[in-house]
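Protein chains in written order, with the working numbering: chain A, 142 to 574; chain Z, 1183 to 1441. We treat Cβ as the ideally placed atom computed from N, Cα and C, and that holds for glycine.
Shown next, in the form of structure tokens:
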């Protein structure tokens, strides 16, 4: 089928095929990302995974009873299976003392397997393919149409959009209660929020969201969509409505990109969407402001670079102080690559003058160095007065505090010390303007 | 029985609480008649937090009952405020300070109404009373422990209740926040509210609380602070733990499992 269509002919039917497939995946993904956001912030994503699998027997029984894949019987079966999963997981914990994760593992694997058995046995009677259950058949969505009024729409698209609407209304209407319960269940309970019902509604919504695209996208993508967009969003933003908005945006973008990538590579769409989503999470973890890997690494490198420069300036300043009269001193040996780079940089920007192995600070370099030395000696003086430490214990902490002491703190310490030398009897340089 | 002119604000009647079949609090009888700063004191594992949770229906009571204003909690929810221990919530949760304080108004608002201008003004005023008005838009994970506790306090204030139950509001909190929190609690008392505080530090208890209850899996004594915190009572609560209750509790739980 893929080969037949290719990329060459952007005719109307071809466009509709892509549009319907992407719309289905996007609507389904948005619904999952919405409920998934609450599952993730409540540390319930494992239960979400469990439900995504455990709805299968409910769907199968509902489909058998109703004679079609869809409709209220299928939704009802899925919701019942979801609640049964949550309830029996808790029962395993309270009655059998099984840890929550192990309990969920026992329940959902059993239920999913039961679902596979039912589907296989009933495959002859209902059009439910075990392959589709795992990997979905997004590629076939556009070929199973139904009429809504005068409009012909794929059955799966209608189903996914309907489920998205249901879930959005349910979560939207109980939004504040959902957030309060998720954040602080006991306190919510005391002010009268029906926390058990709020949680049951969230689990029901999870079941409904997963039903919306079960046949089209399969269990693998359901699990991925429930957890990954929300987890990525939580890295990027820090208020609940933003987490939900970003999660939905990521899910929809991943659905569309994944679909197109799968088409280009001629592979399974649901699998490709999940891979794209995983990649987006990795990207979020890299670039997330403040907590991301890259910003943290950048902050670390930045600090190390500043420390190296300041240490070098202070070292020369002290050597010059010892010699007296602002005379040049022999250039010390840099001890590391970073220090070597710092030496070169300081010479380049003109803070250190270097003449034939003799170095001295320029006016700008002197000003920077004095701030560092001043911080160092003020801290030694303060520690000496307050911590009652032997003299040789004062230098090491001052050696790193000197890079972090702000002007305000320096001023406070100085006011307290009222001038005077540091504990080693050396003069504390004045604050340079 | 004579009809009482006005029922106690909170009344525990023969309350026994069990976790997983194991009793942890035995036969507590306690009535608090008037607004005051009321401390719940006792050693680790004495059931102090459990007493609060039992009162609020957060743990099932296996015997006895608790009443607020002579009736069940469900009829007077709006008049009862609760501040759980700080560690019980995830402070990385995606909400800011204002969001948390506004939660105090959700009980009044019901499930569809949005907090409006009045609620926001109230929340800001409550934040101001705990000294946090300038961090209203900060994510809660970026506050210090003392500030986080004060956010919880502000949420309780926004609830505008008549009875407040605080679970260890001063644990792991810097000295400045402690002073501030205690000042707010005292102001609540002066405004005619009953403030019940679970606390572990005996020294502070003497200075701060008008009345206390001394617990050690059962009620050792209750009443005005000076009368309760006597060497004899303290010895009974701290040194002379009734081992029997502990053992019995374990035995009951064991029996429930094998039966």
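- Nearest neighbour of residue 572 of chain A by Cα position, chosen from A:538, A:509, A:540 and A:531, turns out to be A:509.
- With respect to the 8 angstroms criterion, residue 1387 of chain Z and residue 1416 of chain Z are not classified as neighbours on the basis of their beta carbons.
- Taken in chain order, the unbroken stretches of beta strand (DSSP E) that lie wholly in the segment 1196 to 1242 of chain Z and span 3 residues or more are 1204 to 1214 and 1219 to 1223.
- One finds nothing in chain Z with a Cβ atom closer than 9 angstroms to the Cβ of residue 234 of chain A; even the nearest lies about 11 angstroms away.
- The beta carbon of residue 502 of chain A lies closer than 8 angstroms to those of 454, 457, 458, 461, 492, 493, 494 and 510 in the same chain, with the five residues before and after it left out.
- The beta carbon of residue 517 of chain A sits no closer than 8 angstroms to any beta carbon of chain Z.
- Listed along the chain, the chain Z residues whose CB falls inside 7 angstroms of the CB of residue 375 of chain A are 1276.
- Taking C-beta separations shorter than 8 angstroms and ignoring five residues to either side along the sequence, the partners of residue 1215 of chain Z in its chain run 1190 and 1191, following chain order.
- Using a C-beta cut-off of 8 angstroms, the segment 335 to 345 of chain A makes no contact with the segment 203 to 215 of chain A, since fewer than three inter-stretch Cβ pairs fall below that distance.
- The beta-carbon separation of residue 1329 of chain Z and residue 1314 of chain Z, rounded to 6 angstroms, stays under the 8 angstroms limit for a contact.
- Spatial neighbours of residue 1224 of chain Z in its own chain (CB-CB distance under 7 angstroms, excluding positions within 5 residues in sequence) are listed in chain order as 1230, 1396, 1397, 1398 and 1419.
- For residue 312 of chain A, there is no enclosing beta strand (DSSP E); the residue is found in the alpha helix (DSSP H) stretching over 296 to 314.
- In this structure, the straight-line span from the alpha carbon of residue 430 of chain A to that of residue 446 of chain A is close to 21 angstroms.
- Its Cα nearest to that of residue 321 of chain A, the residue Z:1282 stands out among Z:1282, Z:1187, Z:1401 and Z:1219.
- Spatial neighbours of residue 1267 of chain Z in its own chain (CB-CB distance under 6 angstroms, excluding positions within 5 residues in sequence) are listed in chain order as 1349 and 1350.
- Nearest C-alpha to residue 451 of chain A among A:437, A:435, A:479 and A:428: A:479.
- Cβ neighbours of residue 393 of chain A within its own chain (closer than 7 angstroms, five residues either side excluded): 167, 170 and 171.
- Where residue 1353 of chain Z is concerned, there is no enclosing beta strand (DSSP E), because DSSP gives it neither an H nor an E.
- Residue pairing for residue 366 of chain A: DSSP places it in no beta bridge.
- Around residue 1408 of chain Z, the same chain offers no residue with a beta carbon nearer than 6 angstroms, after the five sequence neighbours per side are excluded.
- One alpha carbon belongs to residue 434 of chain A, the other to residue 425 of chain A, and they sit about 9 angstroms apart.
- Residue 485 of chain A and residue 309 of chain A have their alpha carbons spaced roughly 60 angstroms apart.
- Between the alpha carbons of residue 1261 of chain Z and residue 176 of chain A lies a distance of about 33 angstroms.
- In the three-state scheme derived from DSSP, where H, G and I count as helix and E and B as strand, residue 1395 of chain Z is classed as strand.
- Any Cβ of chain Z closer than 8 angstroms to the Cβ of residue 379 of chain A would place that residue at the interface, and such an atom is present.
- For residue 1348 of chain Z, no alpha helix (DSSP H) encloses it; the enclosing beta strand (DSSP E) starts and ends at 1345 to 1349.
- Rounded to the nearest angstrom, the gap between the Cα atoms of residue 222 of chain A and residue 198 of chain A is 7 angstroms.
- According to the DSSP assignment, residue 1406 of chain Z belongs to the beta strand (DSSP E) that extends over 1401 to 1406.
- Along the segment 324 to 343 of chain A, going in chain order, the ones with a CB nearer than 8 angstroms to a CB of chain Z are 324, 325, 327, 328, 329, 330, 331, 332, 333 and 334.
- At least one C-beta of chain A is nearer than 8 angstroms to the C-beta of residue 1288 of chain Z.
- Rounded to whole angstroms, the Cβ separation of residue 535 of chain A and residue 521 of chain A is 4 angstroms, and the two are in contact under 8 angstroms.
- Contacts with chain A at 8 angstroms (Cβ-Cβ) include residue 1321 of chain Z.
- As DSSP reads the structure, residue 471 of chain A sits in a beta bridge with A:499.
- Of all C-beta pairs linking the segment 1292 to 1300 of chain Z to the segment 1373 to 1382 of chain Z, fewer than three are shorter than 8 angstroms, placing the two stretches out of contact.
- Going by DSSP, residue 558 of chain A is part of the alpha helix (DSSP H) stretching over 548 to 558.
- Residue 162 of chain A: member of the alpha helix (DSSP H) spanning 153 to 182, first to last residue.
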